[in-house]
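Residue numbers (my numbering), protein chains in the order written: chain H, 1 to 335; chain V, 1001 to 1335. C-beta: ideal position from N, C-alpha, C; glycine also.
Okay, here's the thing in structure tokens:
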């Protein structure tokens, strides 16, 4: 087989305990399949690496069924149509979809969406115009109800979702404070993204930073990390504050149980609410979100940064960058 | 001084650590004062003993300012007007208000509300027609959004608030499961109050009981107790479930920090929310709540039980009944 005939894949070999190890993956090569009726063959070009992937590797249904042992790892992807048996797609079309951690995918046409690379380059459809963008848009505005004058705090502020949450909040007239690890990321969110302040969780007290930068309390806390940072935010909520539970990356590899937020009674004291959400529930409204995001993007009002790592074979190590905080921007694997 | 001239009071002497001790109170006797302009003198007849009182004894502002050292302990009360310098009140009127743990109170007329003992006897204005009634009504329907067909679970189900939450939920067409301690309380909520099922937290697994009695998950969990019971409810939430944080009586005397709910990520998995509330925020809508509750009461649709302990001097010991679960029904001290 030439490389063009080979589909390379990472399949889940074992359910990880703690951080996923190389031995938790099977690297498999098989012949590229031909698309059947109404199917298309896609050459995957970019693979999205997201914190949520860690949860999909665990046994037991969460908000979505787990990836089974032996299955190709689930992932958001973008690529080019190589062959089409579906009337909506032609060879050469750029498409996005959950095609998994593999170099080639045969999928039903209805599982793919065409993307317009005249609006933004292909990897942007895994970030600002993809799931992270929809997550930020609906999580902040719909679940969090952020509005003009609110103080919004977001954790993992330089990450794919956090950077967009903060910028959308600024566009909506909020005061925005980001939490990030290290001086470089903190400078980025303030100087490049226009946040009002940043708190460096690796080098300062998050609790004190919140007290300082949010003297009237936090109206919306958009949480991607969980753990003690969530607890500090609970302790600093404003009256009628809203906590949006988007993720808890600090806890995904915990082997001794999740960190539990001991300040939850602040919800009573402040008549506040904490609410979880999953972006898939907004599928029927993605059009609205994508239009808003594309509009801001073309007006130059949304900055975004992709952290692109090259080489399909680097998938296992690259995924770990999410969990040690060494990625900077939306993490993408280039095939 | 004769007893009629004496105002007996319990004042806060020390901030308790853990359960309030007798030595945390000062028993004080002083002359009954005369009302000034627009004031009334009330003979307190019944004093409401509520879990929230424990929080008011701690230092630091919570949702309401703390009772200061040396102050008469705050409490809801009902009694009879002895003298009136306010045009809205005449001698002999029955009134309710936060007159504190004392036998006589001089208060501004605007701090008192007339009550109608032809609708219900005086102590009911500390229960079903008082704060517990308003708490159950607005907490369940407004914060929890309970509606026809929902599965509602309430903790401290035989208590002042819980018993009403469950009955209102039944009136609204919900399936209702109560959590209470011991066979007698569990029989009461099922056989007397009409709940669909009860879980005896002292003698069975609350988690398994919820699994059994709520096979489709919990739509509304109305929590009065916190701790592991809250965690079990989080683990059993239905899609879009609502957790109403009304109180956490299991934790009020904790000296080593609150129990933290480790299953909070169930909020994300189930797109659920957890929201705190304080009944005082609904003051402008008490009329609506009182009308509904009085209507159900006069139609014989709401049962209520008062646990009335006689003797003003028994206040310190009687309060403790709330925290060891030995009260059965709304706990009231008869002066």
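Query	Result
Residue range of the unbroken alpha helix (DSSP H) whose run includes residue 318 of chain H	315–324
Chain V within 8 Å of residue 257 of chain H, Cβ atoms only	yes
Proximal chain H residues relative to residue 1285 of chain V, where beta-carbon distance stays under 8 Å	By Cβ distance, chain H contributes nothing, its closest Cβ being about 14 Å from residue 1285 of chain V, past 8 Å.
Local conformation of residue 1073 of chain V per DSSP, three classes	coil
Buried or exposed by the 16-neighbour rule on C-beta atoms within 10 Å, applied to residue 306 of chain H	buried
Contact set between residue 265 of chain H and chain V, taken where Cβ atoms lie within less than 8 Å	1226, 1245, 1248, 1251, 1258, 1276
Proximity winner among V/1302, V/1143, V/1319, V/1317, relative to residue 1124 of chain V (alpha-carbon distances)	V/1302
Cβ-based neighbour list, residue 1194 of chain V, same chain, cut-off 6 Å, excluding 5 preceding and 5 following	1170
Exposure label - residue 118 of chain H; buried when at least 16 CB within 10 Å	exposed
Chain V contact for residue 337 of chain H (CB, 8 Å cutoff)	Outside the shown range of chain H, which is 1 to 335, sits residue 337 of chain H, and nothing can be said about it.
Whole-angstrom distance between residue 109 of chain H and residue 1287 of chain V, CA atom to CA atom	58 Å
Residue 1136 of chain V beta carbon near the ligand FAD (any heavy atom closer than 7 Å)	This structure lacks the ligand FAD; in fact it carries no ligand of any kind.
Integer-rounded CB distance, given that residue 1070 of chain V should sit under 8 Å from residue 1099 of chain V	With 8 Å as the limit, residue 1099 of chain V and residue 1070 of chain V do not qualify as a contact, their Cβ atoms being about 18 Å apart.
As assigned by DSSP and simplified to three states, the class of residue 1046 of chain V	strand
Contacting residues, own chain, Cβ-Cβ under 8 Å from residue 1089 of chain V (five flanking each side not counted)	1040, 1081, 1095, 1109, 1112, 1114
Cα-Cα separation, residue 1107 of chain V to residue 1314 of chain V	24 Å
Stretch pair the segment 256–266 of chain H + the segment 5–23 of chain H: three plus CB contacts closer than 8 Å	no
Contact residues within the segment 1042–1065 of chain V, judged by C-beta distance below 7 Å to chain H	1062, 1063
Coarse secondary structure for residue 1192 of chain V, derived from DSSP in three states	helix
Contacts around residue 1030 of chain V, its chain only, beta-carbon distance under 8 Å, and the 5 residues preceding and following it disregarded	1006, 1007, 1009
Neighbouring residues, chain V, relative to residue 262 of chain H (Cβ below 7 Å)	1257, 1258, 1260
Burial state of residue 65 of chain H (16 or more Cβ within 10 Å)	exposed
For residue 1277 of chain V, three-class secondary structure by DSSP	coil
Which residues DSSP lists as bridging residue 1291 of chain V, in chain order	In the DSSP output, where bridge partners are listed per residue, residue 1291 of chain V has none listed.
N- and C-terminal bounds of the alpha helix (DSSP H) containing residue 232 of chain H	227–235
Separation of residue 52 of chain H from residue 331 of chain H, as counted between CA atoms	13 Å
Within 8 Å, strictly: CB atoms of residue 1101 of chain V and residue 1132 of chain V	no
Supposed contact pair residue 129 of chain H and residue 165 of chain H - C-beta distance, whole angstroms, cut 8 Å	No, residue 165 of chain H and residue 129 of chain H are not in contact; Cβ-Cβ is about 15 Å, not under 8 Å.
Pairwise C-alpha distance: residue 189 of chain H and residue 208 of chain H	19 Å
Partner residues on chain H for residue 1015 of chain V, Cβ-Cβ distance less than 7 Å	By Cβ distance, chain H contributes nothing, its closest Cβ being about 18 Å from residue 1015 of chain V, past 7 Å.
Nearest-angstrom Cα separation, counted from residue 103 of chain H out to residue 47 of chain H	9 Å
Span separating the alpha-carbon of residue 1277 of chain V from that of residue 1249 of chain V	15 Å
Residue 1230 of chain V and residue 1266 of chain V closer than 8 Å at C-beta	no
Neighbour flag for residue 1067 of chain V against chain H, beta carbons, 8 Å	no
DSSP state of residue 1005 of chain V mapped onto helix, strand, coil	helix
Rounded separation between residue 282 of chain H and residue 310 of chain H - CA only	31 Å
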